[in-house]
Amino acid sequence: MILLISDLHLEEERPDITRAFLHFLQTRAPQAEALYILGDFFEAWIGDDAMTPFQHSIAQALRKLSDGGTRIFLMHGNRDFMIGKAFCREAGCSLLADPSLVRMNGEPVLLMHGDSLCTQDEAYMRLRKWLRNPASLFILRNLPLTTRYKLARKLRKESRMQTPQKAAEITDVTPEEIPRILRQHGVRTLIHGHTHRPATHELQLDGQPARRIVLGDWDRRGWALQVDENGFLQHSFDLI
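Rendered as structure tokens:
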């Protein structure tokens, strides 16, 4: 069994999500051979050198799961793209490139966070291109902590103000991107998060069935996609 989750946006201000995630790690996750976290695991991340006691506690919970035999893979999201090797060492997880091609149930599956598919949001795409540039990342990681805190607060504030004003089709994936990315990687199953619109979209790709599975965000409920001999099944559950 494999489990996939995304968009928990963990932060101290949402203890309900943290409790639900820790419960998930203690109950469902140990039964899985692998856990994939497809981005926006944390609400914000300004560098491994700025880890808080809260973030250390999450790393330690992941390490316990990893030590128990469950492999953990973590993909960057648009909120936590500065997570680095130090966190992964502490948490016992492996960083996963976006996109990544893996095999599940005997078929190739493409995993993404999903923000790169939202090409109609041109302002965000320009910002994303700058933030993910290696030179920009080097500069950001070497800024004083106080400067990084201020920049993170500024970006979060702007995002919260701008997102509600954008049309739904701009903040969702661009439909034409789906067949393009499936053909590019030679797959018929794509799994991603980011949009907070959990669903399974059945598609036709060059006369063959294909699908796009969108993972749910942990806000009012928790979400997990389970992959096993029964297929790809996503379920929601109460936050405890």
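Each residue of the sequence shown is one higher than the one before, counting from 1 in UniProt numbering.
We treat Cβ as the ideally placed atom computed from N, Cα and C, and that holds for glycine.
Taking all protein chains shown into account, do 16 or more other C-beta atoms lie within 10 angstroms of the C-beta of residue i, making it buried, or fewer, making it exposed?
| i | result |
| --- | --- |
| Gln-55 | buried |
| His-196 | buried |
| His-113 | buried |
| Arg-183 | exposed |
| Gly-231 | exposed |
| Glu-122 | exposed |
| Trp-130 | exposed |
| Thr-200 | exposed |
| Arg-148 | buried |
| Ile-139 | exposed |
| Gln-234 | buried |
| Ala-97 | exposed |
Sort the options by Cα distance to residue i and report the nearest one.
| i | options | result |
| --- | --- | --- |
| Glu-229 | Ala-20, His-9, Ala-32 and Thr-18 | Ala-32 |
| Arg-211 | Gly-222, Gly-186, Asp-80 and Phe-42 | Gly-186 |
| Leu-95 | Ile-191, Arg-126 and Gly-77 | Gly-77 |
| Leu-239 | Phe-21, Asp-7 and Ile-5 | Phe-21 |
| Glu-90 | Ser-6, Gln-120 and Ile-58 | Ile-58 |
| Pro-30 | Leu-127, Ile-72, Met-125 and His-9 | Ile-72 |
| residue 283 | Phe-237, Gln-226 and Gly-207 | The requested residue 283 does not occur in the structure, where the chain is confined to residues 1 to 240. |
| Ile-213 | Gly-193, His-9, Gly-207 and Gln-204 | Gly-193 |
Helix, strand or coil for residue i per DSSP?
| i | result |
| --- | --- |
| residue 245 | The structure shown does not extend to residue 245, since the chain is modelled only from 1 through 240, so no value can be given for it. |
| Trp-218 | coil |
| His-56 | helix |
| Ile-178 | helix |
| Gln-120 | coil |
| Thr-147 | helix |
| Arg-211 | strand |
For my contact list, residue i and residue j are in at a C-beta cut-off of 8 angstroms; report their separation, rounded to the angstrom.
| i | j | result |
| --- | --- | --- |
| Leu-74 | Leu-25 | The pair is not a contact, with the Cβ atoms about 14 angstroms apart (cut-off 8 angstroms). |
| Pro-108 | Leu-101 | 6 angstroms |
| Met-51 | Arg-141 | At roughly 13 angstroms, the Cβ-Cβ gap does not stay under 8 angstroms, so Met-51 and Arg-141 are not in contact. |
| Arg-79 | Asp-40 | 5 angstroms |
| Ile-5 | Ala-34 | Not really, about 12 angstroms apart at Cβ, beyond 8 angstroms. |
| Leu-111 | Gly-92 | About 19 angstroms separates the two Cβ atoms, so there is no contact after all. |
Can you confirm whether residue i, when its beta carbon is compared against all beta carbons of chain B, has any partner nearer than 8 angstroms?
| i | result |
| --- | --- |
| Ile-37 | Absent here is chain B; the protein component of the structure consists of one chain. |
* To do: Note down, one range per segment and in chain order, each beta strand (DSSP E) of at least 3 residues found wholly within the region 13 to 51.
  => Qualifying beta strand (DSSP E) stretches, in chain order: 34 to 38.
* Entirely enclosed beta strand (DSSP E) segments - the region 66 to 117, minimum 3 residues -> If we require 3 residues or more, the beta strand (DSSP E) runs fully inside the region 66 to 117 come out as 71 to 75, 94 to 96, 100 to 104 and 107 to 112.
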